[in-house]
């Protein structure tokens, strides 16, 4: 199959976008001259900027577009729709790979002779009729999202090619970020850099702030520690720092301090390891092969686990309702978020210590 122009539609979330990059990598390995365009939610477009695998980023503010419809701004809604559709049509793509087909309106942008859809759940033939090839994910399937995306290769006639997760390296941006770090935490060759990323989009993925504070106290004598997060998570970072008793001199709350997601990525790339939950920074660390301690509550690492060579995943299956895969916990105190609070600080410290001392692959270690 001679494919010169391919459009990938993967709008969100940020971690899922990163986990789809191996698909672009595999396509480029097979056809280096192929031009890949990527339609992505405008708020996530920054992670693909400058990526050598992506020739064109097409940002789409789907939230604003749908708000126009809800508020009766039909003219603006239709103008955005048809302008983007004309742009895609004019590109004359040979194939469109839609990894967000569960949103039925994305079919409007699947304009190409070859139209591939990868649904995240089982789907009826009627729904998938507008595609030339459809993949429906069986209920309970725990194939990693990166591997699931690679199934699209079969529809393109690309066989036996593997894809790698990666992110660009921006030397200028990296130097600027490291200068900020050095200004806040002077370099010390004997103390490695540890990145803590406590925030996620769902409370069932967030390890308690007081636990992060206690972990910093345990690590402060042997590491420089940076807390990362979005501007909305700056308060969470400050709460964690306020709870630190003896290690404040070793920690910098950088949550909200970086204007671009690639700034955070350049910082993560310099870390000795990352401690985080089931969120985008875990996948950023994977893209740079940084060791990871992943803390899981309402989810499990099957589909979304870290893909670095050295990963320790901590979770507690003894909690009856875990994993629930809900955004918010339905239980009342004192059982609320027990899945996370039962992953003890000592367990995380031991995992961090193991990776610092001997970075062996301990993927899948469970909390007792």
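Numbering (the numbering used here), first residue to last: 4 to 371. Quick reminder that beta carbons are idealized off the backbone N, C-alpha and C, glycines included. No experiment lies behind these values; they were computed from the predicted model shown.
In terms of DSSP beta bridges, what is residue 255 paired with?
Numbered from its first residue, the chain shown carries residue 255 at position 252. Looking at the DSSP assignment, residue 255 forms a beta bridge with 229.
Assigned exposure category for residue 4 - 16 Cβ within 10 Å defines buried
Sequence index remark: in the chain shown, residue 4 carries index 1 (1-based). Classification of residue 4: exposed, given that the 10 Å Cβ count is below 16.
Candidates 328, 171 and 117, of which the one nearest residue 9 by Cα:
Indexing the chain shown from 1 puts residue 9 at position 6. The candidate whose alpha carbon is nearest that of residue 9 is 117.
Ordered along the chain, which non-local residues of its own chain (more than five positions away) have a Cβ less than 6 Å from that of residue 362?
On the chain shown, residue 362 is found 359 positions in, with the first residue counted as 1. The predicted position of residue 362 is uncertain, since its pLDDT is 48 and thus under 50; a value taken from the coordinates is nonetheless stated next. These residues qualify, in order along the chain: 294 and 313.
Give every residue of the same chain whose Cβ lies closer than 6 Å to the Cβ of residue 59, excluding the five residues on either side of it in the sequence, and list them in chain order.
Taking the chain shown and counting its residues from 1, one reaches residue 59 at position 56. Counting only Cβ-Cβ distances below 6 Å, and skipping sequence neighbours, we find 40.
Under the three-state DSSP convention, the category residue 200 falls into:
Looking up residue 200 in the chain shown gives position 197. In this structure, residue 200 counts as strand in the three-state DSSP scheme.
Quick check on DSSP: helix, strand or coil for residue 122?
The residue given as residue 122 occupies position 119 in the chain shown. Residue 122: strand per DSSP, three-state reduction.
Inspect the CB distances between the region 177–191 and the region 311–331 and report whether three or more fall short of 8 Å.
no
Is there contact here, the region 168–187 with the region 205–220, by at least three beta-carbon pairs under 8 Å?
no
Judging by CA-CA distance, which residue of 223, 263 and 193 is the nearest neighbour of residue 244?
Along the chain shown, one-based indexing puts residue 244 at 241. By alpha-carbon distance to residue 244, the top candidate from 223, 263 and 193 is 223.
If I follow the unbroken alpha helix (DSSP H) through residue 238, where does it start and stop?
As a working mapping, residue 238 is identified with position 235 in the chain shown. Segment 237–245, the alpha helix (DSSP H) holding residue 238.
Answer yes if the region 263–275 comes into contact with the region 333–346, meaning at least three C-beta pairs across the two stretches below 8 Å, and no otherwise.
no
Let me make sure I understand the geometry here. Which of 358, 25 and 303 has the alpha-carbon closest to that of residue 149?
Along the chain shown, read from residue 1 onward, the residue named residue 149 stands at position 146. For the residues 358, 25 and 303, the minimum Cα distance to residue 149 belongs to 25.
What three-state label does DSSP hand residue 98 in the structure shown?
Here residue 98 is taken as the residue at index 95 of the chain shown, counted from 1. Residue 98 falls in the strand class under three-state DSSP.
Quick one: what's got a C-beta closer than 7 Å to residue 45's C-beta in the same chain, skipping five residues either side?
Residue numbering aside, residue 45 sits at position 42 when the chain shown is read from its first letter. Closer than 7 Å at the Cβ level, and outside the excluded window around residue 45, lie 62, 63 and 64.
What does the Cβ neighbour count give for residue 297, buried or exposed, with the cut at 16 atoms within 10 Å?
In the chain shown, counting from the first residue as 1, residue 297 sits at position 294. Under this definition residue 297 is a buried residue.
C-alpha distance - residue 316 paired with residue 67, whole-angstrom precision:
As a working note, residue 316 is residue 313 in the chain shown. As a working note, residue 67 is residue 64 in the chain shown. Rounded to whole angstroms, residue 316 to residue 67 spans 37 Å at the Cα level.
Can you have a look at residue 85 and say buried or exposed, based on whether 16 or more other CB atoms are within 10 angstroms of its CB?
Sequence index remark: in the chain shown, residue 85 carries index 82 (1-based). Around the Cβ of residue 85, a 10 Å sphere holds fewer than 16 other Cβ atoms; the residue is exposed.
Residues in its own chain within less than 8 Å of residue 302 by CB, not counting five upstream and five downstream?
Along the chain shown, one-based indexing puts residue 302 at 299. Counting only Cβ-Cβ distances below 8 Å, and skipping sequence neighbours, we find 207, 208, 281, 326 and 328.
Run through DSSP, which three-state label would residue 112 get?
Walking along the chain shown from the start, residue 112 turns up at place 109. When secondary structure is reduced to three states using DSSP, residue 112 falls in the helix class.
Should residue 28 and residue 169 be called a contact, given that it needs their Cβ atoms to be closer than 8 Å?
Indexing the chain shown from 1 puts residue 28 at position 25. Indexing the chain shown from 1 puts residue 169 at position 166. Yes, Cβ-Cβ distance for residue 28 and residue 169 is below 8 Å.
Specify whether the region 246–259 and the region 283–293 touch according to this definition: at least 3 beta carbon pairs, one from each stretch, less than 8 Å apart.
no
Can you give me the C-alpha to C-alpha distance between residue 347 and residue 109, rounded to a whole angstrom?
Here residue 347 is taken as the residue at index 344 of the chain shown, counted from 1. Here residue 109 is taken as the residue at index 106 of the chain shown, counted from 1. Between residue 347 and residue 109, the C-alpha separation is close to 43 Å.
Where residue 290 falls, given that 16 or more other Cβ within 10 Å makes a residue buried
To locate residue 290, count along the chain shown from 1; it is residue 287. Buried, since its Cβ has 16 or more Cβ neighbours within 10 Å.
What does the Cβ neighbour count give for residue 82, buried or exposed, with the cut at 16 atoms within 10 Å?
Translated into the one-based positions of the chain shown, residue 82 becomes position 79. By the neighbour-count rule (16 or more Cβ atoms within 10 Å), residue 82 is not buried but exposed.
Tell whether a beta-carbon distance below 8 Å holds between residue 42 and residue 152.
Locating residue 42 in the chain shown gives position 39, counting from the first residue. Locating residue 152 in the chain shown gives position 149, counting from the first residue. No; because the gap between Cβ atoms is not below 8 Å, this pair is not in contact.
Euclidean distance between Cα positions of residue 154 and residue 48:
The residue given as residue 154 occupies position 151 in the chain shown. The residue given as residue 48 occupies position 45 in the chain shown. If you take the alpha carbons of residue 154 and residue 48, they lie about 24 Å apart.
The ligand MN heavy atom lying under 7 Å from the CB of residue 155:
The ligand MN is not among the ligands present in this structure, which contains no ligands whatsoever.
Residue span of the beta strand (DSSP E) that contains residue 297, given as start and end:
Taking the chain shown and counting its residues from 1, one reaches residue 297 at position 294. 295–298 is the span of the beta strand (DSSP E), which, as asked, contains residue 297.
Do residue 6 and residue 97 have their CB atoms nearer than 8 Å?
For the purposes of this step, residue 6 is identified with residue 3 of the chain shown, where counting begins at 1. For the purposes of this step, residue 97 is identified with residue 94 of the chain shown, where counting begins at 1. In contact: residue 6 and residue 97 (Cβ atoms closer than 8 Å).
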